Amino acid sequence: SWGLLNLTHRNGHENPEELIPGKKFKAKVQLNACAHALSPGHRWRVSLSSAYFPHAWPSPELTTLQIFPGDETFLNLPFRKSRPEDAQLTDFLDPECSPPLPTEELRTNSRKRTIEHEVIEDRITLTDKVDNGRYRFVEDGLETEDVGCDTLSLKEGEPLSLKVNCERTAGIGRGDWQTRVEASGTMTASLENFEVISRLEVFEGGQRIFYRTWDFQIPRGWV
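With the numbering used here, the residue at position 186 of the sequence shown is 954, and numbering never jumps.
As structure tokens, then:
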């Protein structure tokens, strides 16, 4: 399981409060629900971190948190005791689904993930490209494809240098009729705002029939 909490929201999302350096405070982090039977002699490990990227955008400044162990620092877990009727429980059945429609593979799916370290700027770039292939439905000849590429770039020790770019291409067509949508979005942040630039293009055949861009800012607001 895992959980995430913006510490400025420790007393509620509707009333964020500033964190004062050096001041001790209490926080409750709700974990996602899960179930596990702990065997004798086994242990659970709890890990804490001041950052959880890419699940959450990093703070604008590097932070150091101090945890105070003691009676007020604990992990609270619901506990279910074994029952005699547990012996009558049966395993879950396999999930049911309809058989897939027959298709022809026109382009094989693939995935490539690379990490690049630019040593002069000390910038790390992660590129994750997923090509889900192109397929044709045998029954009616409809063709579909989608490709995505995510790029995350960050300088060591500089949270404000983070840049995330996402690109998506989706195509659908049949015979001479072919359409394609290309979309991309880039997000960065300053001390005060998140900055987003997005692009959308639509093609029919080889001709672009729609194009639009967005460029806007969102106040960070204690994030």
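Positions of the beta carbon are idealized from the N, C-alpha and C atoms, including for glycine. Note that the structure is a prediction, hence the values are computed from the model and not measured.
Secondary structure at P784: coil, using DSSP grouped into helix, strand and coil. L833 and A819 have their C-alpha atoms some 10 Å from each other. Here A957 is buried, its C-beta having at least 16 other C-beta atoms within 10 Å.
Here DSSP, grouped into helix, strand and coil, assigns Q834 to coil. DSSP lists no bridge partner for G771.
Where V932 is concerned, the enclosing beta strand (DSSP E) starts and stops at 926 to 942. When the beta-carbon positions are compared, E911 and R942 come within less than 8 Å of each other. Within 10 angstroms of the beta-carbon of V915 lie 16 or more other beta-carbons, which makes it buried.
Setting aside the 5 residues that flank it on each side, T871 is surrounded in the same chain by Y903, R904, F905, V906, each with a C-beta closer than 7 Å to its C-beta; the list follows chain order. By the criterion of at least three beta-carbon pairs nearer than 8 Å, the stretch 942 to 954 is in contact with the stretch 967 to 981. K880 and L930 have their alpha carbons spaced roughly 21 Å apart. Taking 8 Å as the upper bound for CB-CB distance, E913 and G901 are in contact here, some 7 Å apart. A check of alpha carbon separations from L922 across V887, P863, A801, W945 identifies V887 as the nearest. When P826, P863, L799 are compared, the shortest CA-CA separation from V932 is found for P826. For the 8 Å CB-CB criterion, P987 and N961 form a contact. Within the DSSP bridge table, the entry for D983 names I965 as partners.
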